[in-house]
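In this note's numbering, the protein residues as written are 28 to 100.
Glycine residues also receive a C-beta, built at the ideal position from the N, C-alpha and C atoms.
The block underneath contains the structure these notes are about, expressed in C-alpha coordinates.
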(Lines of atoms letter the chains of each structure in order from A; the text may use other names.)
(Lines give C-alpha, C1' and ligand atoms only; values in the text may rest on other atoms or scores of the structure.)
Protein backbone atom coordinates (compact mmCIF):
# COMPACT_ATOMS: atom_id res chain seq x y z
CA UNK A 28 0.00 0.00 0.00
CA UNK A 29 1.07 3.62 -0.37
CA UNK A 30 1.02 6.63 1.94
CA UNK A 31 -1.57 9.32 1.21
CA UNK A 32 0.04 12.68 0.63
CA UNK A 33 -3.24 14.56 0.47
CA UNK A 34 -3.18 17.77 2.50
CA UNK A 35 -5.30 17.57 5.66
CA UNK A 36 -8.19 19.97 6.20
CA UNK A 37 -6.43 21.69 9.15
CA UNK A 38 -2.96 21.80 7.54
CA UNK A 39 -1.30 25.11 6.82
CA UNK A 40 1.82 25.62 4.69
CA UNK A 41 3.26 27.58 1.79
CA UNK A 42 5.99 26.72 -0.65
CA UNK A 43 7.46 26.90 -4.13
CA UNK A 44 6.87 24.15 -6.70
CA UNK A 45 10.09 22.29 -7.54
CA UNK A 46 8.53 19.44 -9.54
CA UNK A 47 5.32 17.80 -10.74
CA UNK A 48 4.36 14.16 -11.18
CA UNK A 49 1.33 11.93 -11.57
CA UNK A 50 0.64 8.26 -11.41
CA UNK A 51 -1.91 5.49 -11.09
CA UNK A 52 -0.81 4.24 -7.67
CA UNK A 53 -3.80 1.96 -7.14
CA UNK A 54 -4.16 0.93 -10.78
CA UNK A 55 -7.45 2.70 -11.43
CA UNK A 56 -7.23 6.34 -10.29
CA UNK A 57 -4.86 9.07 -11.49
CA UNK A 58 -3.19 10.98 -8.66
CA UNK A 59 -1.44 14.35 -9.16
CA UNK A 60 1.50 15.46 -7.00
CA UNK A 61 3.65 18.56 -6.65
CA UNK A 62 7.04 18.63 -4.97
CA UNK A 63 7.43 21.73 -2.82
CA UNK A 64 10.22 23.56 -1.05
CA UNK A 65 8.42 24.90 2.03
CA UNK A 66 9.13 28.31 3.53
CA UNK A 67 11.03 26.59 6.37
CA UNK A 68 13.49 25.10 3.88
CA UNK A 69 12.36 21.46 3.92
CA UNK A 70 11.01 19.66 0.85
CA UNK A 71 7.81 17.63 0.64
CA UNK A 72 5.54 15.97 -1.90
CA UNK A 73 1.82 16.82 -1.73
CA UNK A 74 -1.19 15.41 -3.56
CA UNK A 75 -3.27 18.10 -5.29
CA UNK A 76 -6.31 18.20 -7.54
CA UNK A 77 -6.03 17.90 -11.32
CA UNK A 78 -7.08 21.51 -11.93
CA UNK A 79 -4.36 22.95 -9.65
CA UNK A 80 -1.78 20.50 -11.06
CA UNK A 81 -2.48 21.76 -14.59
CA UNK A 82 -2.29 25.44 -13.49
CA UNK A 83 1.06 25.37 -11.71
CA UNK A 84 4.57 25.24 -13.12
CA UNK A 85 7.98 24.89 -11.51
CA UNK A 86 8.71 28.12 -9.64
CA UNK A 87 5.07 28.94 -8.82
CA UNK A 88 4.05 29.53 -5.21
CA UNK A 89 1.28 27.46 -3.57
CA UNK A 90 -0.40 28.32 -0.27
CA UNK A 91 -2.57 26.02 1.90
CA UNK A 92 -4.64 27.66 4.65
CA UNK A 93 -6.60 25.73 7.34
CA UNK A 94 -10.08 24.81 6.13
CA UNK A 95 -9.38 25.38 2.42
CA UNK A 96 -7.70 23.67 -0.52
CA UNK A 97 -4.21 24.63 -1.74
CA UNK A 98 -4.20 27.55 -4.20
CA UNK A 99 -1.68 29.13 -6.55
CA UNK A 100 -0.49 32.61 -5.60
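Member of 94, 63, 70 whose CA lies at the smallest distance from the CA of residue 80: 63
For residue 58 and residue 47, the rounded distance between their alpha carbons: 11 angstroms
Member of 45, 53, 67, 69 whose CA lies at the smallest distance from the CA of residue 83: 45
With 16 other Cβ atoms within 10 Å as the buried cut-off, status of residue 97: Buried is the call here.
Opening and closing residue of the beta strand (DSSP E) in which residue 72 lies: DSSP places residue 72 inside the beta strand (DSSP E), whose first and last residues are 70 to 75.
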